[in-house]
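Trainee: For reference, the structure I am asking about is given below.
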């Protein structure tokens with residue numbers, strides 16, 4: 010049995026997935042988004058059972074970047090909830106990934122995902138879509154960041170998501186405007202008013 014230490018596992022699922030008539034289209038949208046995330050992973054995001062997906066990243070920073078980019082890619086089309094867990098992954102059956110695995114990173118990611126689902130049902134005043142369990146002092150401040158980030162991401166439409174991805178990649182506002190067919194001032198206004206610059210800066214600090 011091999012073991013990965015100090016990694017970040019990610020488990021996600023689709024909010025209100027039963028409301029999608031086109032299940033094949035839903036899963037195709039997710040798979041396309043996974044391929045476009047562009048963050049190095051130990052185990053790239055993949056569908057597991059039903060509408061659930063899983064991934065493993067080498068560190069928390071990478072997992073947070075992947076979560077942000079995934080939400081931008083899916084903005085206003087597919088809402089997902091995500092649990093992150095830091096710790097170890099035991100590869101009991103390496104040839105069956107993402108199955109045949111165990112460890113504290115998966116336990117914590119599952120706990121975080123279940124917490125998000127329970128909070129969605131019981132608390133209508135806050136928008137929690139992602140939570141993290143790190144098992145150390147990072148957990149408290151990290152979840153404060155995640156609830157604020159979720160509130161901003163929840164309001165983005167597909168155009169905002171495209172702008173955000175460009176900004177994350179360091180593309181100039183002029184180039185983004187040309188790519189998506191808007192003028193430069195419209196892109197700048199959206200980035201400012203919709204919190205896109207704040208999202209970019211928050212992951213750089």
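Residue numbers (this note's numbering): 10 to 214. Virtual Cβ for every residue (Gly too), placed ideally from N, Cα, C.
Work out the CA separation of residue 73 and residue 52 for me, nearest whole Å.
Mentor: Approximately 15 angstroms, taken between the alpha carbons.
Trainee: Figure out for me which residue from 40, 61, 75 has the closest Cα to the Cα of residue 46.
Mentor: Of 40, 61, 75, the residue nearest in Cα terms is 75.
Trainee: Do the stretch 89 to 108 and the stretch 13 to 32 meet, that is, are 3 or more Cβ pairs less than 8 angstroms apart?
Mentor: The stretch 89 to 108, when compared against the stretch 13 to 32, does touch it at the 8 angstroms Cβ threshold.
Trainee: Give every residue of the same chain whose Cβ lies closer than 8 angstroms to the Cβ of residue 109, excluding the five residues on either side of it in the sequence, and list them in chain order.
Mentor: Same-chain partners within the cutoff: 100, 101, 102, 103.
Trainee: Alpha carbon to alpha carbon, what distance is there between residue 35 and residue 60?
Mentor: Roughly 9 angstroms separates the two Cα atoms.
Trainee: So, at 7 angstroms on beta carbons, what are the nonlocal neighbours of residue 96 in its own chain, with the 5 sequence-adjacent residues on each side left out?
Mentor: The answer, listed in chain order, is 112, 113, 114, 117, 144.
Trainee: Between the C-alpha atoms of residue 138 and residue 194, what's the straight-line distance to the nearest angstrom?
Mentor: So the alpha carbons of these two residues sit roughly 31 angstroms apart.
Trainee: Helix, strand or coil: how does DSSP classify residue 62 here?
Mentor: Three-state result, residue 62: strand.
Trainee: Helix, strand or coil: which one does DSSP assign to residue 175?
Mentor: Three-state result, residue 175: helix.
Trainee: Would you give the residue range spanned by the beta strand (DSSP E) that residue 11 belongs to?
Mentor: Unbroken beta strand (DSSP E) run through residue 11: 11 to 23.
Trainee: In the DSSP assignment, find the unbroken beta strand (DSSP E) run with residue 50 in it and report its ends.
Mentor: Taken as a continuous stretch (DSSP letters only), residue 50 belongs to no beta strand (DSSP E), as it is neither H nor E.
Trainee: Assuming residue 192 is part of the beta strand (DSSP E), what are its boundary residues?
Mentor: Taken as a continuous stretch (DSSP letters only), residue 192 belongs to no beta strand (DSSP E), as it is neither H nor E.
Trainee: Spatial neighbours of residue 203 within its chain, please: C-beta separation below 8 angstroms, excluding the five flanking residues on both sides.
Mentor: If we look at residue 203 and ignore the five residues flanking it on each side, its Cβ neighbours are 161, 164, 165, 169.
Trainee: Looking at the unbroken beta strand (DSSP E) that takes in residue 128, where does it start and where does it end?
Mentor: Not the beta strand (DSSP E): residue 128 falls in the alpha helix (DSSP H), residues 113 to 131.
Trainee: Contact check, residue 87 vs residue 38 under 8 angstroms by CB: the rounded distance?
Mentor: Contact holds; Cβ gap of about 6 angstroms.
Trainee: Can you say whether residue 175 is buried or exposed, counting buried as having 16 or more other CB atoms within 10 angstroms of its CB?
Mentor: Counting Cβ neighbours within 10 Å, residue 175 comes out buried, since at least 16 surround it.
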